[in-house]
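**Q** Counting with full-length UniProt numbering, you get residues 1 to 278 for the letters of the sequence shown.
After the structure tokens below, expect a handful of questions from me.
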Amino acid sequence: MEKQLKIGEFAKLTGATVKTVLHYHKMGLLAEAKRSPGGYRLYGVAELNRMRSIKRLKYLGLSLEQIRGILGEPGGHKSFRSVLLAMQTELLNQIQTLTERVEKIQILLQEEQENLLECTNESPSFKMVVAILGEEAREQYLDICPEIYEQERKLYEIIDDLQWGVDYEDILREVAEYFRDNPDKYYDSLVFGTKISAIAELLPDSPAVKELASEYAEFIKSLPFYQKLMSHESALQKSLNSLWRDMFAEVYSPAQIKFVEILGEYLESGKSSGQNRD
């Protein structure tokens, strides 16, 4: 006759606790045990092998729900294989992520950065925009206005790091796709980038700052996504009030901050370049 173990003996032999065994019963991982005449749960070879299978699958990283699905199905080998393939993909993705983090840490160690916010963090939004524009357009951006490229990268980091209450992904994708499909307009935007870079050292109340804001406003209003862009900008300004100025001051010069403020006023009011601002 097969040797039958009581629950305490079974738990000890399998390296589990009585509480765990009872939990497995409740989940359906273990079938309800046979009972002795005295009412004790009894466990044999089948239950021991079941526990061995559970332990092996747990070691592979499967959840108890996944294990129940695999062990509870007749002909479960197919399910087992599909779960393992999914886990393999997930683990490979984790390895890739960890590898990228290690590489990033190595770069930061080489740069000897002391300020965490000065560390380059690849913004998902910026990566998306660059990917849509293409490598040639990115190189053109870097060649014509490298300072603005770096400022844009930092601004995207700020946008992605915090919850602004606005979803920018759609409008950023639309802008990037438009400039990809309209290289002349893209080049015009880069020319404006050089002008925005050039005012960095000016005083905020310089007439050139206001003039450039007016000129750039006319350019933006000529773009097909102007209205959608304005709805996003309005939501941003309402949610932040003056806070965004303090945040963006880490990226822009005082004159460039003033340029952005005046630009927003021109766009909000619909003033043309020929009208004066109070």
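All C-beta atoms, glycine included, are put in the ideal place defined by N, C-alpha and C.
Since we're looking at a predicted model, the values are computed, not measured.
Could you give the distance in angstroms between the alpha-carbon of V18 and the alpha-carbon of S82?
**A** Here the question's residue 18 lines up with position 18 in the sequence shown. Here the question's residue 82 lines up with position 82 in the sequence shown. Between V18 and S82, the C-alpha separation is close to 32 angstroms.
**Q** Compare the C-alpha of I70 against each of E47, F80, K185, E90 and name the closest.
**A** Counting from 1 along the sequence shown, the entry for residue 70 is found at position 70. Looking at the Cα atoms, F80 is the closest of the given residues.
**Q** With burial defined as no fewer than 16 other Cβ atoms inside 10 Å of the residue's Cβ, what is the status of Q256: buried or exposed?
**A** Start at 1 with the first residue of the sequence shown, and residue 256 comes out as number 256. Buried.
**Q** Could you tell me the distance, in whole angstroms, from the CA atom of L267 to the CA atom of V209?
**A** Counting from 1 along the sequence shown, the entry for residue 267 is found at position 267. Counting from 1 along the sequence shown, the entry for residue 209 is found at position 209. C-alpha separation (whole angstroms): 15 angstroms.
**Q** Straight-line CA distance for L22 to L98?
**A** Translated into the one-based positions of the sequence shown, residue 22 becomes position 22. Translated into the one-based positions of the sequence shown, residue 98 becomes position 98. Taking the straight line joining both Cα atoms gives about 37 angstroms.
**Q** Would you check if the distance between the CB atom of E157 and the CB atom of S123 is smaller than 8 angstroms?
**A** Sequence index remark: in the sequence shown, residue 157 carries index 157 (1-based). Sequence index remark: in the sequence shown, residue 123 carries index 123 (1-based). Cβ distance < 8 angstroms, so E157 and S123 count as in contact.
**Q** Within 10 angstroms of its Cβ, does Y252 collect 16 or more other Cβ (buried), or is it exposed?
**A** Along the sequence shown, read from residue 1 onward, the residue named residue 252 stands at position 252. Classification of Y252: buried, given that the 10 Å Cβ count is 16 or more.
**Q** Can you have a look at R41 and say buried or exposed, based on whether 16 or more other CB atoms are within 10 angstroms of its CB?
**A** Taking the first residue of the sequence shown as 1, we reach residue 41 at position 41. Buried, since its Cβ has 16 or more Cβ neighbours within 10 Å.
**Q** Reducing DSSP to helix, strand and coil, say where L202 ends up.
**A** Residue mapping note: residue 202 aligns to position 202 of the sequence shown, counting from 1. Looking at L202 - three-state DSSP - the assignment turns out to be coil, as it is neither helix nor strand.
**Q** Excluding five sequence neighbours on each side, which residues of the same chain lie with their C-beta closer than 6 angstroms to the C-beta of R277?
**A** Start at 1 with the first residue of the sequence shown, and residue 277 comes out as number 277. Unreliable placement is indicated for R277, whose pLDDT of 41 sits below 50; the coordinate value is still reported in the next sentence. The beta carbon of R277 sits closer than 6 angstroms to no other beta carbon from its chain once the five residues preceding and following it are set aside.
**Q** How many angstroms separate the CA atom of L91 from the CA atom of D188?
**A** Taking the first residue of the sequence shown as position 1, residue 91 is located at position 91. Taking the first residue of the sequence shown as position 1, residue 188 is located at position 188. In a straight line, the C-alpha of L91 is about 45 angstroms away from that of D188.
**Q** Can you check which of these residues, A213, E250, S222, Q227, is closest to G264 by C-alpha distance?
**A** In the sequence shown, the residue the question calls residue 264 occupies position 264. The candidate whose alpha carbon is nearest that of G264 is A213.
**Q** Classify K258 as helix, strand or coil using the three-state DSSP reduction.
**A** As a working note, residue 258 is residue 258 in the sequence shown. If DSSP states are grouped into helix, strand and coil, K258 belongs with the helices.
**Q** Verify whether the separation of the beta carbon atoms of L5 and Y43 is less than 8 angstroms.
**A** Position 5 of the sequence shown, counted from the first residue, corresponds to residue 5. Position 43 of the sequence shown, counted from the first residue, corresponds to residue 43. Yes, the pair counts as a contact, with Cβ atoms nearer than the cut-off.
**Q** Only counting the same chain, and skipping five residues up and downstream in sequence, which positions put a Cβ closer than 7 angstroms to that of G28?
**A** Working through the sequence shown from its first residue, we reach residue 28 at position 28. Around G28: R68, G72.
**Q** Once you ignore the five residues that flank D205 on each side, which residues in its own chain have a CB closer than 8 angstroms to its CB?
**A** Here residue 205 is taken as the residue at index 205 of the sequence shown, counted from 1. K258, listed in sequence order.
**Q** So, for G61: in the same chain, excluding its five sequence neighbours on each side, which residues have a beta-carbon less than 8 angstroms away from its beta-carbon?
**A** The count along the sequence shown starts at 1 and reaches residue 61 at position 61. Only M87, L91 meet the Cβ criterion.
**Q** Among the candidates G39, S36, K12, I7, whose CA atom is the shortest distance from the CA of H25?
**A** To locate residue 25, count along the sequence shown from 1; it is residue 25. The shortest Cα separation from H25 among G39, S36, K12, I7 belongs to I7.
**Q** Can you grab the Cα-Cα spacing for the pair C145 / P224, in whole Å?
**A** Numbered from its first residue, the sequence shown carries residue 145 at position 145. Numbered from its first residue, the sequence shown carries residue 224 at position 224. Between C145 and P224, the C-alpha separation is close to 24 angstroms.
**Q** Leaving out five residues before and five after V129 in sequence, what residues of the same chain have Cβ atoms less than 7 angstroms from its Cβ?
**A** Position 129 of the sequence shown holds residue 129. Cβ neighbours of V129 within its own chain (closer than 7 angstroms, five residues either side excluded): L172, A176.
**Q** Distance check for G193 and S152, CA to CA, integer angstroms please.
**A** The residue labelled residue 152 in the question sits at position 152 within the sequence shown. The residue labelled residue 193 in the question sits at position 193 within the sequence shown. Checking the sequence, you will find Glu at residue 152 rather than Ser. Going from the Cα of E152 to the Cα of G193 covers about 10 angstroms.
**Q** With 16 other CB atoms within 10 Å as the buried threshold, where does G75 fall?
**A** Locating residue 75 in the sequence shown gives position 75, counting from the first residue. Caution applies to G75, whose pLDDT of 44 falls short of 50 and renders its modelled position unreliable; the value that the coordinates give is listed next. It is exposed - the Cβ of G75 has fewer than 16 other Cβ atoms within 10 Å.
**Q** Which residue or residues does DSSP assign as beta-bridge partners of R52?
**A** The residue given as residue 52 occupies position 52 in the sequence shown. Per DSSP, none; premise fails for R52.
**Q** Going along the chain, which unbroken runs of the alpha helix (DSSP H) with 4 or more residues stay wholly within the segment 182-226?
**A** 183-198, 207-221
**Q** Where DSSP assigns a beta bridge to Y252, which residues make up the other side?
**A** Along the sequence shown, one-based indexing puts residue 252 at 252. In DSSP, Y252 forms no bridge with anything.
**Q** CA-CA distance, L64 and L57?
**A** On the sequence shown, residue 64 is found 64 positions in, with the first residue counted as 1. On the sequence shown, residue 57 is found 57 positions in, with the first residue counted as 1. About 9 angstroms.
**Q** Taking buried to mean at least 16 other C-beta atoms within 10 Å of its own C-beta, is Y59 buried or exposed?
**A** Locating residue 59 in the sequence shown gives position 59, where the first residue counts as 1. Per the 10 Å Cβ criterion, exposed.
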